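Residue numbers (the numbering used here): 425 to 592. Presented below is the structure to which this report refers.
Here it is as structure tokens:
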């Protein structure tokens, strides 16, 4: 039985730098767990990050093809923004009756729990700074989510529509 209390930041550091674990048996067990974690381990994080970047490129290509100008999060960070959507549209677009100023790409399924977390940690910040926007859950979402924020200006879809109107 281990009675150690480790702060989250310390345990995160240790999991990312297991060589700091002096006990070789414990270090090997931690490494085994990391190698075999098929939900939250480092290799799965890399795969999720790669898929996310791939879908952001798909989105950028679609917008470029439609001649919709945008700034990506790297440009926005260089301009001093700390919380940034994946894309801030230089010229807003309309999807149906909805004005879109920013787009967040999520290469995942939108379930109620994670969507509420994203609203709290990301989407409302974007909405406060940039106005209404679009969230794309590329692998679908729970239908009820689309209605929860529609009236406040956050549209949820599972694709980037090929027909949009540019608002000049």
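Every residue, glycine too, gets a C-beta built ideally from N, C-alpha and C. Computed from a predicted model, the values in this text were never measured in an experiment.
Query                                                                                                     : Result
Residues near residue 497 by beta carbon distance below 6 Å, same chain, minus five either side           : 508 and 510
Opening and closing residue of the alpha helix (DSSP H) in which residue 612 lies                         : Given that the chain is displayed from residue 425 to residue 592, the structure contains no residue 612 and the question cannot be resolved.
Reduced DSSP secondary structure (H/G/I, E/B, other) of residue 454                                       : helix
Counted within 10 angstroms of its Cβ, other Cβ atoms place residue 565 as buried (16 or more) or exposed : buried
Collapsed DSSP secondary structure at residue 447 in the structure displayed                              : coil
Status (buried if at least 16 other CB within 10 Å, exposed otherwise) for residue 530                    : buried
Sequence ranges, alpha helix (DSSP H) only - wholly within the segment 489-566, length at least 4         : 497-502, 536-542 and 548-554
Beta-carbon gap between residue 522 and residue 580 smaller than 8 Å                                      : no
C-alpha distance - residue 440 paired with residue 463, whole-angstrom precision                          : 16 Å
Contact belief for residue 461 with residue 471 at Cβ below 8 Å, rounded distance in angstroms            : Not really, about 12 Å apart at Cβ, beyond 8 Å.
Assigned secondary structure, residue 586 (DSSP; H/G/I helix, E/B strand, else coil)                      : coil
Same chain only: Cβ atoms within 7 Å of residue 575, ignoring 5 sequence neighbours per side              : none
Residue 519 versus residue 444 - alpha carbon distance                                                    : 52 Å
N- and C-terminal bounds of the beta strand (DSSP E) containing residue 580                               : 578-581
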